[in-house]
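For the sequence shown, the numbering used here begins at 5 and goes up steadily by one.
We put the beta carbon where it would ideally sit given N, CA and C, even for glycine.
Because the structure is a prediction, the values reported are computed rather than measured.
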Amino acid sequence: MNRVIPFRRGLGAAAVYVRSAPGTYVWLLILFVTTVALHHMSPEFEQHFLRRRSTNIHELSQNPVRVLITSAMWIDGGHWVPYAVLYTVFHAQAERWLGTLRWLAVCAAAHVLATLISELALLKAIHDAHAPQSAVNTLDIGVSYALAGVVAVLAYRIAPPWRYLYLATLFAIYTVPLAGSRTFTDFGHFLSVLIGLGCYPLVRGCGKAWNPKETLAALWVNVRA
């Protein structure tokens, strides 16, 4: 009986946490369903299926609204669990802090703007013969641009000077790949970070910034007590 009560409390706390970030976990549920669906497709059909939902140059020129929405409902590679962790750590925290509508605005801005700008850059590279013509059909789906934008906007949730350490780590993570490979997706991720940081007006009035020092001090007091 003593073991059942903590288990029920844990489930209750998890349920409360999920309800506090409904957009995050509805999106995560959609990704779970679509990932399961991908696992039941043959490799050849999967590539054709995803390419039709890709935000590549060809599909953007034909069905821009449709592919901008549907591309954010699939994960290339079929590994859902890492995204469940990342969504809980970043998306859920941002949604709880900003509220669902503001969080969704950050996601949409990062996903849409980074996609369009990076694909325009790729189109120019094709035009200048720096990329092959076949790149117009490049597979480009996923949720990483929105995630990068949300990770960036969370910098405003952290009080200085910890914020600057967070930003330094953030730029190191997203700048090193761009400096090394210079692919349009690396460029898109870097743009997403800048777009997320540019969403500062959305964070105004969302409460006091979190100070890790205060949290650690409170934990230390509780341990000593």
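Inset, instruction - From the DSSP output, read off the bridge partner residues of I162. - result: Residue pairing by DSSP places I162 opposite W214 in a beta bridge.
Inset, instruction - Starting from A109, follow the alpha helix (DSSP H) in both directions and report where the run begins and ends. - result: Note, A109: alpha helix (DSSP H), T104 to H131.
Inset, instruction - Note down the Cα distance separating G82 from Y160, rounded to an integer number of angstroms. - result: Cα to Cα, G82 sits roughly 32 Å from Y160.
Legend entry - Given A41 as reference, the closest of R208, G192 and W78 once Cα atoms are compared: Nearest Cα to A41 within the set R208, G192 and W78: W78.
Inset, instruction - Let me know the secondary structure DSSP gives L143 once reduced to three states. - result: Secondary structure of L143 (DSSP, three-state): coil.
Legend entry - Between the CA atoms of S185 and H134 - distance to the nearest angstrom: Straight-line Cα distance between these residues: approximately 14 Å.
Legend entry - Close-in-space but distant-in-sequence residues of the same chain around M5 (CB under 7 Å, 5 per side omitted): Confidence is the limiting factor: at M5 the pLDDT is only 49, short of 50, which leaves the residue's position unreliable, though a coordinate-based value still follows. None.
Inset, instruction - Please determine if the segment 185 to 194 and the segment 148 to 162 are in contact, where contact requires at least 3 C-beta pairs separated by less than 8 Å. - result: Three or more Cβ pairs drawn from the segment 185 to 194 and the segment 148 to 162 lie within less than 8 Å of each other, which places the two stretches in contact.
Legend entry - Residue-level contact to chain B via CB, L124, 9 Å cutoff: Among the chains in the structure shown there is no chain B, since it carries only a single protein chain.
Inset, instruction - Indicate the three-state DSSP secondary structure (helix, strand or coil) for G3 in the structure shown. - result: The chain is shown only over 5 to 229; residue 3 falls outside these bounds and no answer can be derived.
Inset, instruction - May I ask you to verify whether the segment 87 to 100 touches the segment 24 to 37, counting CB pairs closer than 8 Å and requiring at least 3? - result: Between the segment 87 to 100 and the segment 24 to 37 there are three or more C-beta pairs closer than 8 Å, enough to call the two in contact.
Inset, instruction - Excluding the 5 residues preceding and the 5 following V157 in the sequence, name in chain order all residues of the same chain whose CB lies nearer than 6 Å to its CB. - result: The answer, listed in chain order, is V110, G200 and C203.
Legend entry - Pairwise C-alpha distance: H62 and A129: So the two alpha carbons sit approximately 15 Å from each other.
Inset, instruction - Give the range of the alpha helix (DSSP H) segment to which Q137 is assigned. - result: No alpha helix (DSSP H) holds Q137; DSSP gives it neither H nor E.
Inset, instruction - Check D190 in the structure and name its three-state DSSP category. - result: In the structure shown, D190 adopts helical secondary structure according to DSSP, grouped into three states.
Legend entry - Beta-carbon proximity check, L143 vs V207, cutoff 9 Å: Not closer than 9 Å, so no.
Inset, instruction - Can you tell me which of the three DSSP states I177 falls into? - result: Judged by DSSP in its simplified three-state form, I177 adopts helix.
Inset, instruction - Leaving out five residues on either side along the sequence, give the residues of the same chain with a beta carbon under 8 Å from the beta carbon of L35. - result: Excluding its 5 nearest sequence neighbours in each direction, L35 has C-beta neighbours in its own chain below 8 Å: M77, W78, I79, W84, Y87 and V147, listed in chain order.
Inset, instruction - Kindly list the residues whose CB is nearer than 7 Å to the CB of P165, restricted to its own chain and excluding five residues on each side of it in sequence; keep chain order. - result: Closer than 7 Å at the Cβ level, and outside the excluded window around P165, lies no residue.
Inset, instruction - With a threshold of 16 other CB atoms inside 10 Å of the CB of F49, please say whether the residue is buried or exposed. - result: Under this definition F49 is an exposed residue.
Legend entry - C-alpha gap between L108 and A139, whole angstroms: Going by the C-alpha atoms only, they are around 30 Å apart.
Legend entry - Given V89 as reference, the closest of K217, A163, L33 and L182 once Cα atoms are compared: When each option's Cα is compared against that of V89, the closest is L33.
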